[in-house]
Amino acid sequence: MDSLMYVTAATHLFFCPFTKVEESFNVQAMHDILYLKTNISKFDHLEFPGVVPRTFLGPMFITIMAFPFATILSCLQCNKFLTQLLVRAVLGVVVVSSIKHFKNSISKVFGNSVGNWFVIITASQYHLMFYSSRPLPNIMAFPLVMVALSSWIRGKHSLLIWSSAVAILVFRSELVIYLGIIILMELFYKRLKLFRGLKLGFLAATTVLTISIVIDSIYWRRLVWPEGEVLWFNIVLNRSSEWGTKPFLWYFYSAIPRGVALSLLIVPFGVLYDIRVARLIIPTLMFVLIYSILPHKELRFIIYVFPVLNVSAATFCNKVWQTRFKPKGIKSVIALFFCTCHIIGNVVLTVVFMSASYNNYPGGYAMSLLHTFENNNLDANYSIHIGNYPAQTGVTRFTQLSNYWTYSKKENLEPGCEELMSFTHLIVGSNSRDNEEMLPYRNTHTVITTVQGFSHVSFNYNTFPPLKIKTKTQIFVLKKNTIKLGVKQNIKKIVEEFKNEQDSEKKIDLNLNLLDKKNKKNKKNKPKQK
34 MDSLMYVTAA THLFFCPFTK VEESFNVQAM HDILYLKTNI SKFDHLEFPG VVPRTFLGPM
94 FITIMAFPFA TILSCLQCNK FLTQLLVRAV LGVVVVSSIK HFKNSISKVF GNSVGNWFVI
154 ITASQYHLMF YSSRPLPNIM AFPLVMVALS SWIRGKHSLL IWSSAVAILV FRSELVIYLG
214 IIILMELFYK RLKLFRGLKL GFLAATTVLT ISIVIDSIYW RRLVWPEGEV LWFNIVLNRS
274 SEWGTKPFLW YFYSAIPRGV ALSLLIVPFG VLYDIRVARL IIPTLMFVLI YSILPHKELR
334 FIIYVFPVLN VSAATFCNKV WQTRFKPKGI KSVIALFFCT CHIIGNVVLT VVFMSASYNN
394 YPGGYAMSLL HTFENNNLDA NYSIHIGNYP AQTGVTRFTQ LSNYWTYSKK ENLEPGCEEL
454 MSFTHLIVGS NSRDNEEMLP YRNTHTVITT VQGFSHVSFN YNTFPPLKIK TKTQIFVLKK
514 NTIKLGVKQN IKKIVEEFKN EQDSEKKIDL NLNLLDKKNK KNKKNKPKQK
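Residue numbers for the sequence shown follow our numbering, beginning at 34 and rising by one.
So this is what it looks like as structure tokens:
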């Protein structure tokens with residue numbers, strides 16, 4: 034049954050193989066650790082440091098696990114993009130394994146059948162499985178949260194405190210709210226002695242902080258505690274709101290309903306049916322409520338709560354399923370029908386979300402198409418400039434396949450400036466040839482290809498399926514005209530030139546005819562001389 038989650042996560046990975054700007058630091062760090070190793074001066078984070086520093090401990094852990102397989106791919110001369118899939122797959126295995134570990138703890142308390150329902154419900158939902166292989170700071174912290182929750186359920190306080198310390202001090206400082214509430218509950222009910230808790234907490238915090246500061250200071254080339262700076266930036270300065278704000282209850286009416294999909298409708302019944310579920314749910318909802326004070330909100334910020342809510346849904350589904358053969362009234366029939374059919378509804382929603390996500394990475398597809406079109410020239414002396422929008426929607430160092438080409442993501446360049454004109458290829462974010470981003474290149478470059486990206490979802494009840502994913506042009510891939518074009522482009526250019534020549538000849542013939550007629554007319558009207 035557990036393999037269902039692994040298969041689902043792998044499906045999401047291969048269906049959406051590219052990454053976005055939020056994942057940029059970790060994915061670039063994994064590339065640089067694998068390929069540049071100790072040549073830190075060439076690392077991406079020194080050229081594009083971002084707003085706040087991030088820790089290298091997560092990327093290091095994943096690359097250490099992926100290194101043997103990456104070496105095999107390198108010996109087989111596979112392109113680097115397969116290594117991106119590899120490191121993401123390793124991360125996905127770690128995340129799903131942590132969910133499995135949490136499920137095993139749930140099974141010990143609630144029974145194996147509840148654990149099986151938990152797996153089915155979790156695999157049917159979109160967001161957790163989709164994010165499981167995405168190198169985000171929240172996902173790096175996610176396995177540690179699952180270990181902490183499992184340790185809490187099993188009463189293993191030492192592992193609870195150590196995993197909490199790593200999650201909070203290295204990856205996501207806001208988790209001090211969630212895991213702090215849980216530890217305080219253990220202290221309040223005297224399941225954890227105060228002195229032991231302080232002793233373990235001090236030892237864990239000191240060790241984790243020392244490791245983070247030492248390792249990250251080497252990579253950042255200055256004394257730094259990355260998550261400390263993130264905490265100061267987001268919480269104290271509240272500058273995260275510069276990236277947008279959401280209403281106070283947004284997590285409750287938007288993020289959680291999308292995260293657990295139709296399963297949310299039966300979560301309350303699980304709490305009512307088994308009081309032990311309430312013990313899990315209360316600190317979870319308290320965390321979301323307190324964290325809602327911060328105005329900048331994103332679904333992934335509370336992704337840790339989805340498995341806990343699924344436990345409640347699984348508990349109720351199991352109760353209804355076990356009584357399916359007993360005499361029952363209309364309410365029981367409705368409950369049984371919904372518990373089974375809501376899984377199908379979750380899967381349908383997952384398919385819709387996946388279809389939209391597939392078109393959300395035009396930058397990655399643009400890079401892939403560029404290398405496909407220039408497949409015979411990977412050893413040429415080409416220079417590629419990647420615009421801001423393409424760089425945010427799928428372009429990473431893993432997608433830079435040629436060792437001979439030079440790739441640049443230099444920002445704040447005016448369209449048509451001399452520096453941009455010096456590149457042999459441009460990947461430009463634009464939805465039309467007539468936009469200001471494209472106009473300067475009308476006579477100097479040839480469009481190799483365009484890339485469509487997600488626009489919106491349309492609904493038409495007269496068609497099947499009624500939902501359609503609509504796309505629009507978002508990226509142009511250009512090639513400088515001084516560079517030898519491909520066969521198709523050459524033929525197209527020759528045909529256009531031939532047409533222009535024919536048009537010119539017709540105009541000349543027409544002008545000559547008009548001139549001849551005019552001369553004859555003048556000659557006819559001219560008076561005869563004596």
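From the three backbone atoms N, C-alpha and C, an ideal C-beta is built for every residue, glycine too.
Could you tell me how far apart the beta carbons of residue i and residue j are, in whole angstroms, since I believe they sit closer than 8 Å?
{"i": "GLU469", "j": "PRO448", "result": "6 Å"}
{"i": "TRP195", "j": "ASN351", "result": "With a Cβ gap of about 32 Å, TRP195 and ASN351 do not count as contacting."}
{"i": "TYR440", "j": "GLN433", "result": "5 Å"}
{"i": "ASP249", "j": "THR88", "result": "5 Å"}
{"i": "LEU500", "j": "PHE492", "result": "6 Å"}
{"i": "ILE336", "j": "ASN171", "result": "6 Å"}
{"i": "ALA174", "j": "LEU208", "result": "6 Å"}
{"i": "ALA15", "j": "LYS443", "result": "Since the displayed the chain opens at 34 and closes at 563, residue 15 lies outside it and no answer follows."}
{"i": "TYR415", "j": "THR457", "result": "5 Å"}
{"i": "LEU46", "j": "GLY125", "result": "6 Å"}
Quick one: residues in its chain with C-beta nearer than 8 Å to the C-beta of residue i, no 5 flanking neighbours on either side, listed in chain order?
{"i": "MET218", "result": "PRO316"}
{"i": "ARG224", "result": "GLY188 and HIS190"}
{"i": "ARG475", "result": "ARG466"}
{"i": "PHE100", "result": "LEU67"}
{"i": "GLN355", "result": "SER146"}
Go through its chain and collect everything with a Cβ distance to residue i's Cβ below 6 Å, but skip five positions before and after it.
{"i": "ILE323", "result": "ILE210"}
{"i": "VAL304", "result": "VAL310, ALA311, ILE314 and SER345"}
{"i": "ASN343", "result": "PHE151, ILE154 and THR155"}
{"i": "LEU459", "result": "HIS418 and LEU511"}
{"i": "SER184", "result": "LEU192 and LEU193"}
{"i": "VAL461", "result": "GLY420, GLU470 and PHE509"}
{"i": "VAL380", "result": "SER157"}
Judging by CA-CA distance, which residue of the options is the nearest neighbour of residue i?
{"i": "SER372", "options": "LYS503, PHE285 and SER157", "result": "One detail in the question is off: residue 372 reads as Cys in this sequence, not Ser. Of the candidates LYS503, PHE285 and SER157, the one whose C-alpha sits nearest the C-alpha of CYS372 is SER157."}
{"i": "ASN514", "options": "VAL127, VAL142, HIS489 and SER455", "result": "SER455"}
{"i": "GLU331", "options": "PRO280, GLY83 and LEU297", "result": "PRO280"}
{"i": "GLY148", "options": "MET34, ALA237, MET173 and SER74", "result": "MET34"}
{"i": "VAL198", "options": "ASN476, PHE235, TYR164 and SER166", "result": "Per the sequence presented here, residue 198 reads as Ala, with Val not at that position. Here the closest residue by C-alpha is PHE235."}
{"i": "GLY397", "options": "PHE509, ILE216, SER287 and VAL321", "result": "PHE509"}
{"i": "CYS49", "options": "PRO473, THR477 and PRO395", "result": "PRO395"}
{"i": "ALA103", "options": "VAL480, THR479 and PHE431", "result": "PHE431"}
{"i": "ILE268", "options": "SER206, ARG357 and MET93", "result": "SER206"}
{"i": "ARG229", "options": "GLY144, LEU472 and ILE216", "result": "ILE216"}
{"i": "VAL2", "options": "ILE289, MET387, ASP77 and SER36", "result": "Residue coverage of the chain in this structure runs from 34 to 563, which leaves residue 2 outside it and unanswerable."}
{"i": "ALA181", "options": "SER138, ASN271 and VAL142", "result": "SER138"}
{"i": "ARG333", "options": "GLU55, ALA43 and SER36", "result": "GLU55"}
{"i": "ALA43", "options": "SER130, ILE105, GLN110 and PRO82", "result": "SER130"}
{"i": "LEU298", "options": "LEU270, ARG272, CYS374 and VAL247", "result": "CYS374"}
{"i": "VAL84", "options": "LEU115, ARG272, LYS141 and LYS53", "result": "ARG272"}
{"i": "LEU403", "options": "SER435, ILE376, PHE386 and PHE94", "result": "SER435"}
Going by beta-carbon coordinates alone, are residue i and residue j separated by less than 8 Å?
{"i": "PHE221", "j": "MET179", "result": "no"}
{"i": "THR426", "j": "VAL60", "result": "no"}
{"i": "PRO176", "j": "VAL127", "result": "yes"}
{"i": "VAL490", "j": "ALA389", "result": "yes"}
{"i": "TYR437", "j": "ASP467", "result": "no"}
{"i": "GLU260", "j": "LEU202", "result": "yes"}
{"i": "THR504", "j": "PHE406", "result": "no"}
{"i": "SER401", "j": "PRO328", "result": "no"}
{"i": "VAL353", "j": "LEU369", "result": "yes"}
{"i": "GLY292", "j": "PHE339", "result": "yes"}
{"i": "ILE502", "j": "ASN392", "result": "yes"}
{"i": "ASP307", "j": "THR243", "result": "no"}
{"i": "SER325", "j": "TYR284", "result": "yes"}
{"i": "TYR164", "j": "LEU382", "result": "no"}
{"i": "ALA200", "j": "SER166", "result": "no"}
{"i": "PRO86", "j": "TRP265", "result": "no"}
{"i": "HIS78", "j": "PHE58", "result": "yes"}
{"i": "LEU282", "j": "GLY378", "result": "no"}
Looking at residue i and the ligand ZN, is the gap between the Cβ and the nearest heavy atom below 7 Å?
{"i": "ALA424", "result": "With respect to the ligand ZN, the structure shown offers nothing to examine, as it has no ligands at all."}
Can you find the residues in the same chain that come closer than 7 Å, C-beta to C-beta, to residue i, ignoring five residues on each side of it along the sequence?
{"i": "THR96", "result": "MET63, ILE66, LEU67 and VAL120"}
{"i": "THR41", "result": "ALA156 and MET162"}
{"i": "ILE132", "result": "MET38, THR155, MET179 and PRO340"}
{"i": "MET319", "result": "ILE214"}
{"i": "LEU453", "result": "HIS418, LEU446 and LEU459"}
{"i": "ASN145", "result": "none"}
Whole beta strand (DSSP E) elements within the region 463 to 520, 3-residue minimum:
478 to 492 and 500 to 513
Where are the beta strand (DSSP E) runs, 3 residues long or more, that stay fully inside the region 45 to 118, in chain order?
none
Runs of 3 residues minimum, wholly inside the region 297 to 351: which ones carry the beta strand (DSSP E) assignment?
none
My parser needs the alpha helix (DSSP H) runs of 4 or more residues fully inside the region 213 to 281; what are they?
227 to 253 and 259 to 264
Considering only residues of the region 175 to 212, which uninterrupted alpha helix (DSSP H) runs meet the minimum length of 4 residues and lie entirely inside it, listed in chain order?
190 to 199
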